[in-house]
């Protein structure tokens, strides 16, 4: 079995030493301050005679302090009796000797000289044993030769030093392993943070998770991330705060601190430790923090926010440069993330803006279809959501709705805006718009998944639609959803050839065409939708048209 | 007194063994350590552990083979195994039923302890402070 940190402590090391001594036939004695002597391990009556004697007690009691300071050094008590003090003041225990603890554990070596010593005959006298009889009982099993005893004392001294050394090393291993455990935590945290920095997920969840993990690893009472208040991209973010369970600190109190701290940290780029947070002169600081660790988040001089936390949980330790270095490296990862959030937000609003511009362009070709694409997108999104599709798909269906008619750019305006019935040739031209639209979007990687909505929004469930005459579930989902939304808006709004139908009639029509033109499952869900947002949008679009027409009337006289 | 649960810790990297052994001991577990699969099997036969944490890639007998051997012995067939793996190597396909969790290196010792507590249905000790 392998020995690892924390496994062998000082007591097992000295225990092992004692075990080996008794295997060698060496008695181990425990000397207490009271003068009492206890024998550890196997002993014989002869041992009890010597170590239980008043003489031994008196001498060792007088020498106890001296013995306790001479661990590992043989001390001759009287001729033929040598003590070699060993643990328990061994290894780790030697780091904090207690002043009143003068208990001594010693290996006791009895040798031939003992029998001739004056003390031995006094012991025999004291208990009334005949000296000659006693000498006869102390055979080789109890006594070493003088030479043996001397050598053994030396060996015990070495063993004791080795045991002490082992104790030191284990203590070091113990400390190093704790430090290493801390480094493991940091490494795994940095790794986890960098792996989970996926910006197309909502940043709130990531930041909260990051905050939680960082607080635990740094060991702070609370930790919060305040994104820069001047950046629009962070507008919808709630400042993530993580507070230790045991601390009764209000997260909102911590949140209120954020903007004030950012103000104070103005221009600083290095982390700051404040051992006394009161120096900031912020009201209510006492309730929240005694000491603060402030880590500015920035990239190339652009301030992105502040990572701020307070008070180590371990009452014995204060905030140190190790903590601030760790926070600095966590902070630089966080800064990259925050910067990416901003860039992604920029990119996304640019993308959305482009799609809106595109849909407005299409709808502008025909004032009767003004706002059509936006309404189809809105209703398509509502239907997708009600059908239980995931957020991402719902969003993509919305975008697909915005561009579903983009192909109409390739259809002559005269055909698009022609009042009354179309000829077959004209209708054939109109029927080309899904394929033209698909071709327009084909080369744009970010829009490729929107194509099915563009290409198939005129397919019918029974196979009677265009351009490919697909039927049932062969029609991609985006196509089936947008077919409903498109037909619904066509019926609900004024067209060149007829006025808008009332809502209840439109829904009757949807029901009637369920399973023929429309996916029956989607149609079922569709008729249950709440159309108030849709109707609001129709009103807005009408008002805008009226306004435009009035402006055109007013400005037309100036046109030459 | 009830003996604390015994964890068998197997990894050929001693620093991993040291860190986890210390973390687990200070949380009150008994820990036996081994540096390869063979040694681990011997340890497990001497005293069946309550849980095994093993590295995947080791000399002589890898973590997966070790888990399979534990399954064969009725004394250890119900012992849950937590597998530690490097990022670069995935565990080959095919489930070994006693491998209850896989943790990627670099791992957080704290998470390993949470996982051990969860697998042994132990309420984590709030006072998991550094032993002096």
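Chains as they are written, first to last, in our numbering: chain P, 34 to 593; chain Z, 3 to 134.
Ideal Cβ positions, reconstructed from N, Cα and C, are used throughout, including at glycine.
Item                                                                                                                                      : Value
8 angstroms Cβ cutoff met for residue 346(P) and residue 256(P)                                                                           : no
Minimum Cβ-Cβ distance from residue 377(P) to chain Z less than 8 angstroms                                                               : no
Start and end residues, beta strand (DSSP E) containing residue 56(Z)                                                                     : 53-57
Buried/exposed call for residue 490(P), threshold 16 Cβ in 10 Å                                                                           : buried
8 angstroms Cβ cutoff, residue 492(P) in contact with chain A                                                                             : Within the model displayed, chain A is absent; protein chains P and Z are what it includes.
Limits of the unbroken alpha helix (DSSP H) element including residue 217(P)                                                              : 179-228
Cut-off 8 angstroms between Cβ atoms - residues of its own chain near residue 87(P), not counting five sequence neighbours on either side : 159
Reduced DSSP category for residue 484(P) - H, G, I as helix; E, B as strand; rest coil                                                    : helix
Euclidean distance between Cα positions of residue 204(P) and residue 272(P)                                                              : 43 angstroms
Chain Z contact for residue 211(P) (CB, 8 angstroms cutoff)                                                                               : yes
Host alpha helix (DSSP H) of residue 457(P) (start-end)                                                                                   : 457-463
Cβ shell of residue 150(P) (< 6 angstroms), same chain only, five flanking positions each side left out                                   : 111, 112 and 113
For residue 234(P), the three-state DSSP class (helix, strand or coil)                                                                    : coil
Whole beta strand (DSSP E) elements within the region 308-394 of chain P, 3-residue minimum                                               : 325-332 and 335-345
Beta-bridge pairing of residue 531(P) - partner residues as DSSP gives them                                                               : 528(P)
Residue 328(P) beta carbon less than 8 angstroms from that of residue 340(P)                                                              : yes
The region 463-470 of chain P touching the region 490-503 of chain P, judged by at least three CB pairs closer than 8 angstroms           : yes
Residue 410(P) - DSSP class collapsed to helix/strand/coil                                                                                : helix
Inter-residue spacing [alpha-carbon to alpha-carbon] between residue 44(Z) and residue 52(Z)                                              : 15 angstroms
Sequence-distant residues of the same chain with beta carbon closer than 6 angstroms to residue 363(P), five excluded per side            : 247
Assigned exposure category for residue 481(P) - 16 Cβ within 10 Å defines buried                                                          : exposed
Test: residue 117(Z) CB closer than 8 angstroms to a CB of chain P                                                                        : no
Residue 304(P), DSSP secondary structure in three states                                                                                  : coil
Beta-carbon gap between residue 374(P) and residue 291(P) smaller than 8 angstroms                                                        : no
Any C-beta of chain P under 8 angstroms from that of residue 109(Z)                                                                       : yes
Residue-level contact to chain P via CB, residue 17(Z), 8 angstroms cutoff                                                                : yes
Reduced DSSP secondary structure (H/G/I, E/B, other) of residue 259(P)                                                                    : strand
Beta strand (DSSP E) segment containing residue 12(Z), residue limits                                                                     : 8-12
Exposure label - residue 452(P); buried when at least 16 CB within 10 Å                                                                   : exposed
Proximity winner among 67(Z), 112(Z), 78(Z) and 62(Z), relative to residue 10(Z) (alpha-carbon distances)                                 : 78(Z)
Span separating the alpha-carbon of residue 126(P) from that of residue 51(P)                                                             : Low confidence applies to residue 126(P): its pLDDT is 40, below 50, so where it sits in the model is not reliable enough to give any reading.
Residue 437(P) burial status per 10 Å Cβ neighbour count (16 or more: buried)                                                             : buried
Beta-carbon gap between residue 404(P) and residue 228(P) smaller than 8 angstroms                                                        : no
Within 8 angstroms, strictly: CB atoms of residue 342(P) and residue 326(P)                                                               : yes
Bridge partners - residue 275(P), DSSP secondary structure assignment                                                                     : 256(P)
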